[in-house]
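Visitor: As numbered in this note's numbering, residues 15 to 136 make up the sequence shown, in order.
Even for Gly, the Cβ is constructed at its ideal location relative to N, Cα and C.
Let me give you the structure first, and then I'll get to my questions.
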Amino acid sequence: MTEIRRVGVLGCGLMGSGIAQVAATAGYETTVRDVAQPVWDKARAGIEKSLAKFVEKGKLAAGDRDAALKRLGFTTTTADLQRCDIIVEAVTEDLELKNSLWRELDARCGPATIFASNTSSL
């Protein structure tokens with residue numbers, strides 16, 4: 015079994031941002047892929063706000079928050095996910111889009127890469 019060190023997340027809406035936050039906080043290098051930087055900016059701001067609340071409540075040390083944020087990266091290309099050990103899909107509920115992304119990643123990633131989906135209705 016492959017050791018998980020790098021996590022990829024497709025989509026940085028509410029679910030994708032939450033998955034990315036948990037992965038980065040747990041110590042994994044995390045790369046989030048979405049369509050444009052304004053989307054990432056909103057997601058990153060939400061993650062920063064969420065982690066700040068954990069620090070305020072004493073549930074997370076400030077140093078751990080800072081380390082988690084350093085482990086978090088954003089991209090518009092699936093090529094930046096090819097070295098991930100696991101990729102979690104959290105894009106809009108559009109089967110054609112999901113299948114297109116999976117085909118693209120299947121061609122880029124190694125055979126040990128784990129693909130997972132956070133779909134809610136498909």
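Please tell me whether Thr90 and Leu119 are closer than 8 Å, where the distance is taken between their beta carbons.
Guide: For Thr90 and Leu119, no; Cβs fall outside 8 Å.
Visitor: Look at Thr127 and Arg85 and say whether their C-beta atoms are less than 8 Å apart.
Guide: Their beta carbons are not under 8 Å apart, which means Thr127 does not touch Arg85 by this criterion.
Visitor: Helix, strand or coil for Gly32? Go by DSSP, reduced to three states.
Guide: Helix, per DSSP.
Visitor: If you scan the region 32-105 from start to end, which runs of the beta strand (DSSP E) of 3 or more residues do you find wholly inside it?
Guide: Complete beta strand (DSSP E) runs here, min 3: 43-47, 86-89 and 100-103.
Visitor: Can you tell which of Val46, Tyr42 and Ala38 has its C-alpha closest to the C-alpha of Ile18?
Guide: Of the listed residues, the one whose Cα sits closest to Ile18 is Tyr42.
Visitor: What residue range does the alpha helix (DSSP H) around Arg122 cover?
Guide: Segment Leu109 to Arg122, the alpha helix (DSSP H) holding Arg122.
Visitor: Could you check what DSSP says for Ile128 in three-state terms: helix, strand or coil?
Guide: Of the three classes helix, strand and coil, the one that applies to Ile128 here is strand, per DSSP.
Visitor: Report all residues from its chain with a CB closer than 6 Å to the CB of Ile100; omit the five preceding and five following residues, and keep chain order.
Guide: So the qualifying residues of the chain are Ile18, Val21 and Ile128.
Visitor: Going by DSSP, what residue range makes up the beta strand (DSSP E) through Arg20?
Guide: Element bounds for Arg20: Arg20 to Leu24.
Visitor: Going by the CB atoms, is the gap between Val46 and Ala57 shorter than 8 Å?
Guide: Against a cut-off of 8 Å, the Cβ pair of Val46 and Ala57 comes out as a contact.
Visitor: Please report the straight-line C-alpha distance between Thr73 and Thr39, rounded to a whole angstrom.
Guide: Checking the sequence shown, residue 73 turns out to be Lys, not Thr. Taking the straight line joining both Cα atoms gives about 12 Å.
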